[in-house]
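Some notes on the structure that comes next.
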Amino acid sequence: MSTSSTQPHELGVAALARQLKRRETSAVELAQHFLARIRAQQDLAAFLTIDEDATLAQARAQDDALAAGNAGPLAGVPIAHKDVFVTQDFATTAASRMLAGYRSPFDATIVANLAQAGCVTLGKLSCDEFAMGGDNESAAIAAVGLDAPQPVRNPWDRARVPGGSSGGSAAAVAAGLAPGATASDTGGSIRQPAALCGITGIKPTYGRASRYGMIAYASSLDQAGVMARSAEDCALLLSHLCGPDIERDSTSVDMPAEDFSRQLTGSIDGLRIGVPREFFGDGLAGDVRAAIEGALKEYEKLGAKLVDISLPRTDLAVPVYYIISPAEASSNLARFDGVRYGHRAAQYADLLDMYKKSRSEAFGEEVKRRIMIGTYVLSEGYYDAYYLQAQRLRRMIADDFQQAFTQCDVIAGPVSPSVAWSIGAKTDPLATYLADIYTLPASLAGLPAMSVPAGFGSAGLPVGLQLIANHFGEARLLNAAHRLQQATDFHLRRPAAAS
671 MSTSSTQPHE LGVAALARQL KRRETSAVEL AQHFLARIRA QQDLAAFLTI DEDATLAQAR
731 AQDDALAAGN AGPLAGVPIA HKDVFVTQDF ATTAASRMLA GYRSPFDATI VANLAQAGCV
791 TLGKLSCDEF AMGGDNESAA IAAVGLDAPQ PVRNPWDRAR VPGGSSGGSA AAVAAGLAPG
851 ATASDTGGSI RQPAALCGIT GIKPTYGRAS RYGMIAYASS LDQAGVMARS AEDCALLLSH
911 LCGPDIERDS TSVDMPAEDF SRQLTGSIDG LRIGVPREFF GDGLAGDVRA AIEGALKEYE
971 KLGAKLVDIS LPRTDLAVPV YYIISPAEAS SNLARFDGVR YGHRAAQYAD LLDMYKKSRS
1031 EAFGEEVKRR IMIGTYVLSE GYYDAYYLQA QRLRRMIADD FQQAFTQCDV IAGPVSPSVA
1091 WSIGAKTDPL ATYLADIYTL PASLAGLPAM SVPAGFGSAG LPVGLQLIAN HFGEARLLNA
1151 AHRLQQATDF HLRRPAAAS
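Here you go:
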């Protein structure tokens, strides 16, 4: 291990990659260090699965590659994967009883891409069941070291949620249990937990990252992305995660892999930052507003220009999303019927009874709720009135963004209306849905978007700034985020759990 007093969990992806290349540490030493931290902080409920033998075998292979001089650019860097990406070496459950103990015969493309770059998998991370949720309170699988399913806890305050559905990913990075993590974003599930946990997270343009091997929730919205401490780390991970996969994913964009780090040192002097007036209405908490406005002032100091813009259909994003995504979920989850794989009821009278009992026993309440909503809006007599109308409005929301991008280069605003709330505080599902108001529009439009630490609100809890670019503008987003992080230290601050 390095003689430096800095501990590995205090470093990010880029710094650890440099140490490994200089042979100042080894992949096995890093893996052992992070596995020990995971065991020591099991109460966060961030990890659903670890397998030390599998992790150390991967680490030894990367040390051999480093010694032989044929290692990948991220050789030996530890990473953890959200439990909606299938993996051969670790069980994949989507945090649901339906898939308890399921082992995939192949790796998801993004998992394979990062492994090819040299990353070492630490384990699988908790999430809301089938990625359906905004607080990570609905996982139905017990986390490592716990006897029963528990909500993931925010490292800044263990009585509060980390956000969802990628709450396990955000909590693990914020607590220093992993330097980076994969995550998925359907309506904000990367950006919102990243914001509530004070880290950086990015969702690329829809189609930039392969969905092959991702357990589908809403196929026209689901997109893989990454979380890490900084924009630099996210750029490094995203460069190796993304790439064309058109033979296996029909929604994959046929564009070559891109080095998203290429513009990190570029000037943002004259960058036009659009500020949507609809993002700063009465629903935005005062402490969040203050932090966001402070971050925007920092951009002005860096030479950027703030432009007042409008996204007039922002208020329609919630109803549109919660028609389209449940409709697609009801179709995607039909495959979990107790026949081919997944949970099967122990006793049943006939095939139909087996379907009913297996699904009733294995799906949680939120998953059942969304399946029922989706089935309803797709049913005869309601398809035109609800689903088709929602698709028309989705196109209008996308058009609003295109109009806005004629006036600005990137769009900035809050990620969440408030800082992290207490576990169990939002018992009404609609209250949780409304917390997605600022993240849903970009998802409906298929745009790249990210969350960047922007300060702290009440009770010293993190606030995230959302940045949105036009299609394939990831490099521009990451550059803007990196420049803000060079001027501020919000991304460097850590909860006590990360010490």
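If you count by the working numbering, then the sequence shown holds residues 671 to 1169, one letter each, in order. Beta carbons are placed, not taken as given, at the ideal position from N, Cα and C, and that holds for glycine.
Beta-bridge partners of residue i, as assigned by DSSP
i       : result
Asn824  : Asp827
Thr676  : For Thr676, which the question treats as bridged, DSSP gives no partner whatsoever.
Asp855  : Gln893
Phe755  : Met884
Ala898  : Gly850 and Thr870
Thr1158 : Answer is none; Thr1158 lacks a bridge partner.
Thr791  : Ile749
Val945  : Asp978
Neighbourhood of residue i by C-beta distance below 7 angstroms, restricted to the same chain and skipping five residues each side
i       : result
Leu816  : Gln712 and Ala715
Glu1173 : For the chain, the structure presents residues 671 to 1169; residue 1173 sits outside this window and is missing.
Ala727  : none
Gly877  : Thr921, Ser922 and Val923
Thr673  : Reliability of the predicted coordinates at Thr673 is poor, the pLDDT of 45 falling under 50, and the value obtained from them is presented with this limitation in mind. So the list is empty, once near-sequence residues are dropped.
Asn783  : His910, Leu911 and Gly913
Leu768  : Checking the sequence, you will find Met at residue 768 rather than Leu. Excluding residues within five positions, the ones whose Cβ falls inside 7 angstroms are Phe1006, Gly1012, His1013, Ala1032 and Phe1033.
Gly1143 : Pro1118
Residue i versus the options, residue with shortest Cα-Cα distance
i       : options                               : result
Ser1088 : Val988, Val831, Val958 and Ala770     : Val958
Tyr1011 : Ala729, Ala737, Ser937 and Ala770     : Ala770
Arg1146 : Pro946, Glu917, Ser937 and Lys971     : Ser937
Ser900  : His910, Thr1158 and Ile1138           : Thr1158
Leu907  : Ala785, Ala1060 and Phe1142           : Ala785
Trp826  : Gly877, Arg1005, Trp1091 and Ala1101  : Trp1091
His1152 : Leu1021, Gly871, Ser920 and Asp1023   : Gly871
Arg1164 : Val990, Ala1068 and Gly868            : Gly868
Ala1105 : Val754, Gln862, Gly739 and Leu1131    : Gln862
Thr1081 : Ala1055, Ala841, Ile962 and Leu1021   : The question names Thr, but residue 1081 is Ile in the sequence shown. For the residues Ala1055, Ala841, Ile962 and Leu1021, the minimum Cα distance to Ile1081 belongs to Ile962.
Phe1006 : Val988, Asp1020, Tyr1025 and Pro989   : Tyr1025
Glu1031 : Gly877, Leu1021 and Gly1008           : Gly1008
Gly838  : Gly682, Gln732 and Ile749             : Ile749
Val988  : Ala1019, Lys873 and Ser1113           : Ser1113
Ala848  : Tyr887, Ala886, Ala898 and Ala818     : Ala898
Ser1128 : Gly953, Ala960 and Asp892             : Ala960
Ser889  : Leu1137, Gly1116, Ser1086 and Pro1123 : Gly1116
Thr791  : Gly739, Arg730, Gly833 and Ala737     : Arg730
Collapsed DSSP secondary structure at residue i in the structure displayed
i       : result
Leu911  : helix
Ser1049 : coil
Ala1082 : strand
Ile916  : coil
Phe930  : coil
Leu816  : coil
Gly771  : coil
Leu681  : coil
Ser923  : Residue identity differs from the one stated: residue 923 is Val in this sequence, not Ser. In this structure, Val923 counts as coil in the three-state DSSP scheme.
Asn806  : coil
Tyr1025 : helix
Ile1043 : helix
Asp903  : helix
Ala710  : helix
Ser836  : coil
Met671  : With a pLDDT of 43 at Met671, under the threshold of 50, the modelled position of this residue cannot be trusted; read the value that follows with caution. DSSP places Met671 in coil when its eight states are reduced to three.
Ile938  : coil
Pro863  : helix
Glu1036 : helix
Ser1169 : coil
Arg688  : helix
Same chain, Cβ closer than 6 angstroms to residue i, neighbours up to 5 away in sequence not counted
i       : result
His703  : Pro678
Gly1034 : Glu799, Ser808 and Ala810
Thr719  : Phe760, Ala761, Gly793 and Lys794
Val756  : Thr762, Ser774, Ala778 and Gly883
Lys1172 : Any question about residue 1172 goes unanswered here, given that the chain covers just 671 to 1169.
Asp929  : Ser909
Gly913  : Ala927
Nonlocal neighbours in the same chain, by C-beta distance under 8 angstroms from residue i, ignoring five residues either side
i       : result
Ala1093 : Inspection of the sequence shows that residue 1093 is occupied by Ile rather than by Ala. Cβ neighbours of Ile1093 beyond the five flanking positions: Asp805, Glu807, Pro821, Arg823, Ala829, Arg830 and Val831.
Ala735  : Ala741, Gly742, Ala745 and Gly788
Tyr1057 : Ile993, Ile994, Ala997, Val1047 and Leu1048
Ala1074 : Gly944, Pro946, Ile979, Ser980, Leu981 and Ile1081
Asp919  : Thr779, Ser880, Arg881 and Tyr882
Gln758  : Arg773, Ser774, Pro775, Phe776 and Asp777
Ser843  : Correcting the residue type first, residue 843 is Val in the shown sequence and not Ser. Excluding sequence neighbours, Val843 sits near Pro849, Gly850, Ala851, Cys867, Ile869, Met897, Ala898 and Arg899.
*asked:* Quick check for students: name the residue ranges of the alpha helix (DSSP H) that lie wholly in the stretch 1121–1154, counting only runs of 4 or more.
replied: none
_Runs of beta strand (DSSP E) wholly within the stretch 951–1022 (minimum 3 residues, chain order)_ = 975–979
*Taking only runs that begin and end inside the stretch 718–744, name each unbroken beta strand (DSSP E) of 3 or more residues, in chain order.*
none
*Complete alpha helix (DSSP H) runs within the stretch 1060–1120 (minimum length 4 residues, chain order)*: 1099–1104 and 1110–1115
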